[in-house]
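Down below is the structure, laid out as structure tokens.
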Ligand SMILES: Cc1ncc(COP(=O)(O)O)c(C=O)c1O
């Protein structure tokens, strides 16, 4: 029996959150995962590593990112007497999304392990850009795998990665999106494991990735917690974030998991849960994909099915094992919003607050729009604004029928 | 129940030669292609056959096998269809060891108990599950043992002594030694680190050792035969099938196996 008190102590030593997680990978990678786990453990205990990471987060990433009170947004949604809403501004980090937090930290870990080469996958391109940025800063060789479909949708980010000195390899197999980019990055890693660190971009994959990416993203929630207490003298009543693989959501939730705070994750319902979507927690089933056991989109025969979301960063058929555990243990709630709802929220935030969000956190904002009118005046809602919308201009213009 | 895998290794050891194990994706290139291909492989000199179970995300496979799996999936092939091919071969009197090689999720989706029972009933002798390391395997290993199906573990050149020992302790049938750090696919040469790797495995594992990944020529089989108990040939079979016109497919497969097993040279010498 896991009590509330030891929730934040998971995963266990085998990398499990309840029945989710583990290490389902080819044998070739098992020693590398053990090495990574060991290196992470040592780094965590080494004050010098923490100081170096803190310095880079401060001087390079621009942390702490502020929280912003969004009164006009709240009032537009819920009218006079709307509950207070704060946005955690990960969009203001260098490179424009939370992905940089874990990319930089893993880059430092790779240096410690003496691995000069980095491979990464990317969907929206945000993690690819963050990785290419960290590699440029730290002097590491960088290869980014990206599905052909995403290369098309996110041409600007492809160009950014190349400018940063990364090699971008287009993946033509399978659905030609994020899941196939991960397959290809893992194949590269299997082949070059002795010199290469796989810099995974979310809380997915085999243990210890869900643990270390969470820990490196937990800075989001820890900062926001202190900032809200400072601003409002209390904890939020609700913490809200979008869920693709789940790293920005876990990064926000982790600081509150042992507090009386409602945690709500928002998946991408795409065209709707009856159609094509990217909501494994809402409409998938437990299974094994990319090295860990969690919820995923699959058919009756255990074949992984293609995800769909207007947001490339949420367009993934799996989800991190800790979210699966938070769901089944009923510590967090998971809901989903459609492409159309996300687009509407994207415009809403732009117009009311002067902040153009990425399409991913627009999903969290869309749920906020549903939730807020039902809440009492004294609730306090914290939304993770995981990234900015510059990368999505083409997609949004297309969706709105505008030619640029 | 007879243990076809154990019997095979007894026989090849007595004959002083390595066993030759062929890999081919199940129900590929057409859903009903497998029985004919397996018979041709065995006629040409394969001692056992591994049938790949198509999976949507084969992350340990190179492009050749990926494309074959995708083709099978596009044709609607399921794990049950591969089992049906095994059943058909057994009903036809085929007695060589037949194994399934695949990924864990389709087995998990069916339920490991139900899957291993169905595999045993179809006549499957062993399972090779590339994304199921020994630490995570109990859930499949227990029902497999109960149904008399070997769960064959893989080891790689990167495997540590502790991991080799764990596979030596829990392994069954044989150990699948991955010859390279890499994915499946034909390669020009057998890895230079292979002899040292095999020697490390021998120290801690009493099971027969089979070497796979990248073996595509008779010289590779001979080289492997000097240090291990079996050579596994996969991508070369897939390539041969892909390139042969359909009406010549079985001849091409038989010919490949004759060359790899050394029968072709024996035949030539005799005539
Ligand atoms: C801005 C932003 N938010 C969210 C995500 C989704 O990832 P995760 O669920 O791991 O936070 C992405 C992925 O690219 C992203 O770019």
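Protein chains in written order, with our numbering: chain B, 1 to 404; chain F, 405 to 675. Note that the Cβ used here is the ideal one computed from N, Cα and C, for glycine as well. No experiment lies behind these values; they were computed from the predicted model shown.
Cβ-based neighbour list, residue i, same chain, cut-off 8 Å, excluding 5 preceding and 5 following
i                      : result
residue 256 of chain B : 221, 225, 235, 236, 239, 263
residue 196 of chain B : 115, 117, 118, 119, 188, 189
residue 633 of chain F : 413, 416, 417, 422, 423, 578, 612, 613, 614
residue 310 of chain B : 268, 270, 339, 342, 343, 359, 395, 399
residue 141 of chain B : 116, 117, 118, 135
Extent of the continuous alpha helix (DSSP H) run through residue i
i                      : result
residue 88 of chain B  : Note, residue 88 of chain B: premise wrong, no alpha helix (DSSP H); beta strand (DSSP E) at 84-89.
residue 640 of chain F : 639-647
residue 522 of chain F : 516-526
residue 561 of chain F : Run containing residue 561 of chain F: none; DSSP gives neither H nor E here.
residue 439 of chain B : Since the first residue shown for chain B is 1 and the last is 404, residue 439 of chain B is missing from the structure and cannot be characterised.
residue 669 of chain F : 667-674
residue 50 of chain B  : 47-56
Closer than 7 Å: residue i CB and nearest ligand 1 heavy atom
i                      : result
residue 418 of chain B : Past the boundaries of the shown model lies residue 418 of chain B; chain B is included only from 1 to 404, so the question cannot be answered.
residue 314 of chain B : yes
residue 545 of chain F : no
residue 335 of chain B : no
residue 431 of chain F : no
residue 106 of chain B : no
residue 292 of chain B : no
residue 361 of chain B : yes
residue 127 of chain B : yes
residue 157 of chain B : no
residue 243 of chain B : yes
residue 97 of chain B  : yes
residue 246 of chain B : yes
residue 124 of chain B : yes
residue 350 of chain B : no
residue 620 of chain F : no
residue 387 of chain B : yes
residue 358 of chain B : yes
residue 541 of chain F : no
residue 249 of chain B : yes
Local Cβ density within 10 Å of residue i, reported as buried at 16 or more and exposed below that
i                      : result
residue 537 of chain F : buried
residue 9 of chain B   : exposed
residue 1 of chain B   : Caution applies to residue 1 of chain B, whose pLDDT of 40 falls short of 50 and renders its modelled position unreliable; the value that the coordinates give is listed next. It counts as exposed.
residue 669 of chain F : exposed
residue 409 of chain F : buried
residue 405 of chain B : Residue 405 of chain B cannot be examined here, being either before or after the span of chain B that is shown, 1 to 404.
residue 341 of chain B : buried
residue 499 of chain F : exposed
residue 540 of chain F : buried
residue 645 of chain F : buried
residue 70 of chain B  : buried
residue 300 of chain B : exposed
residue 384 of chain F : This structure cannot speak to residue 384 of chain F, because chain F is shown only from 405 to 675.
residue 251 of chain B : buried
residue 58 of chain B  : exposed
Own chain partners of residue i with C-beta closer than 6 Å, once the 5 adjacent residues on each side are dropped
i                      : result
residue 560 of chain F : 582
residue 352 of chain B : 72, 73, 76
residue 661 of chain F : 445, 448, 449, 450
residue 477 of chain F : 458
residue 415 of chain B : Any property of residue 415 of chain B remains undetermined from this structure, which presents chain B solely from 1 to 404.
Beta-carbon proximity of residue i to residue j, cut-off 8 Å
i                      : j                      : result
residue 453 of chain F : residue 642 of chain F : no
residue 605 of chain F : residue 613 of chain F : yes
residue 130 of chain B : residue 100 of chain B : yes
residue 246 of chain B : residue 202 of chain B : yes
residue 193 of chain B : residue 562 of chain F : yes
residue 509 of chain F : residue 302 of chain B : yes
residue 609 of chain F : residue 575 of chain F : yes
residue 464 of chain F : residue 535 of chain F : yes
residue 375 of chain B : residue 83 of chain B  : yes
residue 205 of chain B : residue 294 of chain B : no
residue 426 of chain F : residue 637 of chain F : yes
residue 332 of chain B : residue 253 of chain B : yes
Cut-off 7 Å between Cβ atoms - residues of its own chain near residue i, not counting five sequence neighbours on either side
i                      : result
residue 3 of chain B   : Note on residue 3 of chain B: pLDDT 45, under 50, position unreliable in the model; the coordinate value appears next. None.
residue 160 of chain B : 129
residue 401 of chain B : none
residue 162 of chain B : 168
Residue i, enclosing beta strand (DSSP E) - first and last residue
i                      : result
residue 168 of chain B : 167-171
residue 286 of chain B : 285-289
residue 145 of chain B : 141-147
residue 428 of chain F : 423-429
residue 222 of chain B : Here residue 222 of chain B belongs to no beta strand (DSSP E); instead the alpha helix (DSSP H) covers 219-232.
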